[in-house]
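Accompanying notes for the structure given below.
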Amino acid sequence: DLADIGVTGLAVMGRNLARNLARHGYGVAVHNRSAGKTRALVEEFGHEGTFHPAEDLESFVASLKRPRRAIIMVKAGAGTDAVIERLAALMEPGDMIVDGGNAHFEDTRRREAALRERGIHFVGAGISGGEEGALNGPSIMPGGSRESYEALGPILEDIAAKVDGVPCATYVGPDGAGHFVKMVHNGIEYADMQLIAESYDLLRQASGLSPAELAGVFREWNAGELESYLIEITAEVLDQVDAGTGRPLVDVIVDRAEQKGTGRWTVQSALELGVPVTGIAEAVFARALSGHPEQRAAARSLAGPDEGPVAGRELVEDVRRALYASKIVAYAQGFDQMAAASREYGWDLDLGAMATIWRGGCIIRARFLDRIREAYDENRELPTLLTAPAFAGALAEAQDSWRKVVATAARIGVPTPGFSSALAYYDGLRRDRLPASLIQGLRDYFGAHTYQRVDKEGVFHTDWSGDRAEHQA
Ligand code: NDP
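Take the sequence shown: its position 223, counted from the start at 1, is 223 in this note's numbering, and no numbers get skipped.
Here is the structure:
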């Protein structure tokens, strides 16, 4: 009696994924480097389904039905390579190795190419939703060969979250596409959280609202177009009172935001691709700023504005609109990055489908993603989400509030890099003429880098150090 699928790496994610598979009726081979975790899983949760515990990788692989399907859920990095190598040595052409960890997509590309040569399908699957999602239905972003998806897809779609009956899992694209999309998902998650944090900070400083009052504000927002998991849990965190001190928990948590690195990867990739993902970049940098206590201590003596609270509750609706508009920008940028990567790596990503599988299971799940899917349904070649009718309308409605919020924040000295950079991006794209023409002039001046003209074809250079006449280059 052989197992349908196997999971190796049984820390929180692997264990819960294995349980999810077993609860859906699959026979699951389970293995972990240190056997204690394997035994603990079977002891505690063996009654949930059919597990095939294995003490070593040889018996793990031997217990799998052919073609074999093995999911790796180990700590991403060098360990993943070691486990892949050992698994591959025990497998045969046609078998499938799925890496469900947070691998960098370039690693996934490299691993997929190496295993393809040996006839083994390597699937880099982004899995989002944390341990809770792994157990009850994650969002799954698998990349690899189409052929492997035929054997794996039905299982992944079975255990994934469902929204309106539609699974939050689909074939993403070849080689590293799945891990790339997961990376951008995480980058967008950074941007979303930064915008929420700015909304909280500004309303607290400018309007004098308490964390408990702000919890109520977020709860109200969650009933409208901002409805999402992150807004929902923001209300929960703001409402929490510290048992020991009686103070709002948010006031006793050290204000230094950490990161595991997927946000940074997103920005690094965006820089390579030349896509301005300012929302994600500002979010990563804001966390970096929070992590420099020495500089922050030194800077506390720098001059700031005299103004205290400047607004009452009337700012709440303005901030809500600024948040929504900035969120649209951050998502538009993330989707641009996926489109650029799709062209660069030949992935043929279906952007609407990516919005669909993010509607449930994952951290950025939101009603809003339906709007994105609809926008791509209407026009697959949309140049930017900002111009999709639903979003262009929302931006038009929000822009006065957005400008007011950014101005208010600047006036009272509350940093809103997310709101401000999103507005700058919006205005940058809208501009008829950008000052990039001056930059081109400067580049030509000091480096003879040449420029193009608006009124004729060709490439030109002005002889800046000589007679200042223009020549065609
Ligand atoms: P960890 O990232 O904490 O990794 C621990 C697991 O990796 C243990 O099973 C450990 O085995 C195994 N491991 C580490 N190094 C090796 C090695 N060299 N050889 C064999 N096994 C090794 O576990 P998580 O469950 O948190 O995450 C698993 C993967 O899922 C990671 O890639 C993570 O980035 C990703 N992920 C995690 C999410 C989360 O919310 N935690 C969300 C989405 C993805 P042992 O018990 O023997 O030490």
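Virtual Cβ for every residue (Gly too), placed ideally from N, Cα, C. This one's a predicted model, so the numbers in the text were calculated from it and none came from an experiment.
- [ ] Using the DSSP secondary-structure output, state which residues sit across from Met512 in a beta bridge.
- [x] Only positions 1 to 473 of the chain appear in the structure, and residue 512 is not among them; the question remains open.
- [ ] Just mark Asn379 as buried or exposed, buried being the case when its beta carbon has 16 or more other beta carbons within 10 Å.
- [x] In the sequence shown, counting from the first residue as 1, residue 379 sits at position 379. When all chains shown are included, Asn379 counts as exposed.
Open item on the list: I believe Ile412 touches Val310 by the beta-carbon criterion, under 8 Å. Please report the beta-carbon distance rounded to the nearest angstrom.
Closed with: Here residue 412 is taken as the residue at index 412 of the sequence shown, counted from 1. Here residue 310 is taken as the residue at index 310 of the sequence shown, counted from 1. 6 Å between Cβ atoms; contact.
TODO: For the alpha helix (DSSP H) containing His461, list its first residue and its last residue.
DONE: To locate residue 461, count along the sequence shown from 1; it is residue 461. Unbroken run through His461 is the beta strand (DSSP E), Phe460 to Thr462; no alpha helix (DSSP H).
Open item on the list: Are there any heavy atoms of ligand 1 lying less than 7 Å away from the beta-carbon of Met73, as far as the coordinates show?
Closed with: Residue mapping note: residue 73 aligns to position 73 of the sequence shown, counting from 1. Yes.
Task: For Ala235, the three-state DSSP class (helix, strand or coil) - done: By one-based count along the sequence shown, residue 235 stands at place 235. Ala235 falls in the helix class under three-state DSSP.
- [ ] Work out the CA separation of Trp265 and Glu144 for me, nearest whole Å.
- [x] By 1-based counting over the sequence shown, the position of residue 144 is 144. By 1-based counting over the sequence shown, the position of residue 265 is 265. Looking at the sequence provided, one finds Gly at residue 144 rather than Glu. Whole-angstrom Cα-Cα distance: 20 Å.
TODO: Report the three-state DSSP secondary structure of Val254 (helix, strand or coil).
DONE: For this step, residue 254 is matched to residue 254 along the sequence shown. Note: Val254 maps to coil in three-state DSSP.
TODO: Find the nearest neighbour of Ala134 within the set Val12, Tyr425 and Ile71, judged by alpha-carbon distance.
DONE: Counted from its first residue, the sequence shown places residue 134 at position 134. Among Val12, Tyr425 and Ile71, the Cα nearest to that of Ala134 is on Val12.
Open item on the list: Please report whether the beta-carbon of Gln333 lies at a distance below 8 Å from any beta-carbon of chain B.
Closed with: Absence of chain B from the displayed structure is noted, only one protein chain being present.
Task: Sequence ranges, beta strand (DSSP E) only - wholly within the segment 432 to 457, length at least 3 - done: none
Task: For Leu423, the nearest candidate out of Gln440, Ser401, Leu349 and Ile439 (CA to CA) - done: For the purposes of this step, residue 423 is taken as residue 423 along the sequence shown, with counting starting at 1. It is Ser401 whose Cα lies nearest to the Cα of Leu423.
Task: Residues near Glu131 in its chain [Cβ-Cβ closer than 8 Å; skip 5 each side] - done: Locating residue 131 in the sequence shown gives position 131, where the first residue counts as 1. Here the set comprises Val12, Met13 and Asn16.
Open item on the list: Between Ser34 and ligand 1, is there a pair consisting of the residue's CB and a ligand heavy atom that are separated by less than 7 Å?
Closed with: To locate residue 34, count along the sequence shown from 1; it is residue 34. Ser34: yes, Cβ under 7 Å from ligand 1.
Task: Every unbroken beta strand (DSSP E) inside the segment 359 to 397 [3 residues or more] - done: none
TODO: Would you mind stating whether Cys168 and Ala177 have Cβ atoms separated by less than 8 Å?
DONE: Counting from 1 along the sequence shown, the entry for residue 168 is found at position 168. Counting from 1 along the sequence shown, the entry for residue 177 is found at position 177. Result no, Cβ atoms of Cys168 and Ala177 do not sit closer than 8 Å.
- [ ] Give a yes or no on contact between the segment 107 to 124 and the segment 202 to 214, applying the rule of three or more CB pairs nearer than 8 Å.
- [x] no
Task: Length of the line joining the Cα atoms of Tyr451 and Glu85 - done: Reading the sequence shown from its first residue, position 451 is the one you call residue 451. Reading the sequence shown from its first residue, position 85 is the one you call residue 85. Distance between the alpha carbons of Tyr451 and Glu85 is about 51 Å.
Task: Nearest residue (CA-CA) to Thr234, options Glu272, His52, Leu195 and Glu112 - done: Against the sequence shown, residue 234 aligns to sequence position 234. Closest by alpha carbon: Leu195.
Task: Whole-angstrom distance between Asp192 and Ser290, CA atom to CA atom - done: Numbered from 1 along the sequence shown, position 290 holds the residue referred to as residue 290. Numbered from 1 along the sequence shown, position 192 holds the residue referred to as residue 192. Each residue's alpha carbon lies about 17 Å from the other.
Open item on the list: Considering only heavy atoms of ligand 1, does any lie closer than 7 Å to the CB of Asn102?
Closed with: As a position in the sequence shown, residue 102 is number 102, starting the count at 1. The answer is yes for Asn102.
TODO: Look at Ile364 and Leu226 and say whether their C-beta atoms are less than 8 Å apart.
DONE: Taking the sequence shown and counting its residues from 1, the one referred to as residue 364 is at position 364. Taking the sequence shown and counting its residues from 1, the one referred to as residue 226 is at position 226. Not a contact, by the Cβ cut-off of 8 Å.
Task: Assigned exposure category for Glu236 - 16 Cβ within 10 Å defines buried - done: In the sequence shown, the residue the question calls residue 236 occupies position 236. Burial call: exposed.
TODO: Check whether the segment 179 to 187 touches the segment 105 to 112, counting contact only when three or more Cβ pairs, one atom from each stretch, lie closer than 8 Å.
DONE: yes
Task: Length at least 4, wholly inside the segment 282 to 319: the alpha helix (DSSP H) runs in chain order - done: 293 to 299
TODO: Quick one: grab the DSSP three-state call for Pro248.
DONE: By 1-based counting over the sequence shown, the position of residue 248 is 248. Pro248: strand per DSSP, three-state reduction.
TODO: With distances taken Cα to Cα, identify the nearest neighbour of Gly25 among Phe51, Ala392, Ala212 and Tyr190.
DONE: Here residue 25 refers to the residue found at position 25 when the sequence shown is read from its first residue. Comparing Cα-Cα distances from Gly25 to each of Phe51, Ala392, Ala212 and Tyr190, the minimum goes to Phe51.
TODO: With a threshold of 7 Å, establish whether the CB of Ser128 neighbours any heavy atom of ligand 1.
DONE: Taking the first residue of the sequence shown as 1, we reach residue 128 at position 128. Indeed, a heavy atom of ligand 1 lies less than 7 Å from the Cβ.
TODO: Tell me, please, which residues DSSP counts as bridged to Leu64.
DONE: As a first step, residue 64 is located in the sequence shown; it is residue number 64 there, counting from the start. Per DSSP, Ala3.
TODO: Compute the Euclidean distance between the alpha carbons of Ala113 and Ala297, then round it to the nearest angstrom.
DONE: Here residue 113 corresponds to residue number 113 of the sequence shown, with the count starting at 1. Here residue 297 corresponds to residue number 297 of the sequence shown, with the count starting at 1. Going by the C-alpha atoms only, they are around 49 Å apart.
Task: C-beta contact flag for Val166 and Thr356 at 8 Å - done: To locate residue 166, count along the sequence shown from 1; it is residue 166. To locate residue 356, count along the sequence shown from 1; it is residue 356. Yes. Within cutoff.
Task: Paired residues, beta bridge with Gln333 - DSSP - done: On the sequence shown, position 333 is the one that residue 333 refers to. Beta-bridge pairing links Gln333 to no other residue.
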